[in-house]
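This report refers to the structure that appears directly beneath it.
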Amino acid sequence: MTTPRAEKDIAERPQQALQDEMSDVRRLIDELDEELVTLLAKRQRQIERAARIKPALGLPANVPERVEEVLAHVLGAARREGLSVEVAMTLWRTLIDWSICYEERLMGARALKGDSQGSADGDRSS
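The sequence shown lines up with residues 11 to 136 when you count with my numbering.
What follows is the structure, given as C-alpha cells:
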C-alpha cells in the first residue's frame, strides 16, 4: 500500500519519469516470471521422480501428512519473505492439487489410491 505522501510524490513526477519507471517494473516482472517458470519446471521434474519412486514404496500420490508439511513450510517462507499468506496458500494448494493429479497420471495403474478427498479441499502434494 502507498501512503498519501508517496502518492503525492508520484503524482508530482514528470510523465516521462513515470513511463520509464513503469517500463522498468514491467521488465523486472517479466524477468521474475521467467525465473518462476524455471523453478516450476524444476519442481515438476521432482514430481516426475516421485511418480517413479512412490509405487515401489507402496505410496499413493496423495500423502496428506506431506501436504500439511509442504503447506506449513510455504506458510513460514511466505511470512518470512513478506508474501501475502492468502496468495501463497492459494497458489500452493492449486500447485499441490495439480501435482498429485499429474503424479497419478504418470503412475497410471501403479497408482495407489490414498485419501481421495484431497482434490476437493486442496489437500494434495508430492
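Every residue gets a Cβ at the ideal spot worked out from N, C-alpha and C, and that includes glycine.
Taken through DSSP and simplified to helix, strand or coil, R23 comes out as coil. S109 and G86 have their alpha carbons spaced roughly 21 Å apart. Judged by DSSP secondary structure, S109 falls within the alpha helix (DSSP H) whose first and last residues are V95 to M117.
For A82, the enclosing alpha helix (DSSP H) has its first and last residue at P74 to E91. DSSP places P70 in the coil class of the three-state scheme, outside both helix and strand. Excluding the 5 residues flanking it on each side, M117 has same chain C-beta neighbours closer than 8 Å at A61, K64, P65 and A71, in chain order.
Secondary structure of A121 (DSSP, three-state): coil.
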